[in-house]
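Everything in the sequence shown is counted per our numbering, starting at 1 for the first residue and increasing by one.
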Amino acid sequence: MKLKPRLSAIAGLVPEGDTVADIGTDHAYIPVFLVKSGKVKRGVASDVRKGPLEKAREVIKRHRLEDRIETRLGDGLEVLKAGEADTIVVAGMGGVLIRNLFEAGKEALEGVKRLVLQPMNAQEVVREWLVKNGFEIVDETLARERERIYQVIAAQPGHQQTEDPFYYEIGRVLIEKNHPLLPDLLSSKEKEYKKIIAGLKISGKAGAAERLKEYERRLARLQGVMEACRMRAT
């Protein structure tokens with residue numbers, strides 16, 4: 001079974017273990033791949049919608065894994081008991097939604113050994129929540145599909161000092177690893193900052209001047225990292 005780059009990057013950050021729970025599983029490709037490859041023994045595939053869960057059951061049945069991957073209908077972490085899964089995967093959702101799911105389902109996180117998260121946006125919200133709620137970010141990676149770059153974050157229970165807010169937006173691990181796709185991610189973020197700055201310069205709203213200073217500071221910091229990456233590449 002071959003996964004596309006985004007799902008492959010997610011599966012790559014799942015360690016060997018007993019049970020993986022894929023929250024918002026859609027087609028259950030991740031638990032099927034992990035069980036078939038022998039990386040985990042069992043899987044839980046959940047979704048809040050009946051349609052995607054039925055598709056997941058079809059994929060699981062096609063691979064003859066009904067006895068090893070259980071499907072569950074439910075919202076977020078409510079489908080799990082504390083300590084039931086070694087690894088919890090949450091992928092393809094917005095960062096704010098992921099944070100809200102964790103806030104609502106903190107009990108299910110007790111005993112988990114790793115979280116593997118792929119927020120579609122607001123990655124800074126996810127990183128900040130992890131650091132401030134008893135998790136440390138231990139690995140990160142990037143994947144490209146078509147013109148989009150996806151960020152994948154792995155965390156485990158532990159203590160991590162509150163990060164410089166810059167590292168919530170661009171993961172420190174990605175910078176330390178000098179990931180091959182990092183320059184493209186930084187370039188995309190630079191364009192985003194410049195667009196915001198241009199809008200703030202003509203905005204008459206209250207607080208715009210303060211926000212402008214903040215984004216100019218972020219842009220300068222970002223461009224410093226971009227220059228460091230270029231120097232390491234030469």
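We put the beta carbon where it would ideally sit given N, CA and C, even for glycine.
So which of Gly94, Val126, Ile137 and Ile88 has the shortest CA-CA distance to Leu109? Ile88
If I follow the unbroken beta strand (DSSP E) through Ala154, where does it start and stop? Arg148 to Pro157
Can the beta-carbon of Glu136 be found less than 7 Å from the beta-carbon of Gly171? no
Report the residue from Leu174, Lys41, Arg127 and Lys213 whose alpha carbon sits nearest the alpha carbon of Ile149. Leu174
If we count the other Cβ atoms within 10 Å of its Cβ and call it buried at 16 or more, is Arg114 buried or exposed? buried
Ile98 versus Val126, Arg232 and Asp75, residue with shortest Cα-Cα distance: Val126
Separation of Arg144 from Leu34, as counted between CA atoms: 21 Å
Kindly indicate the opening and closing residues of the alpha helix (DSSP H) around Val125. Gln123 to Lys132
Residues bridged to Gly43 (per DSSP): Val20 and Ile69
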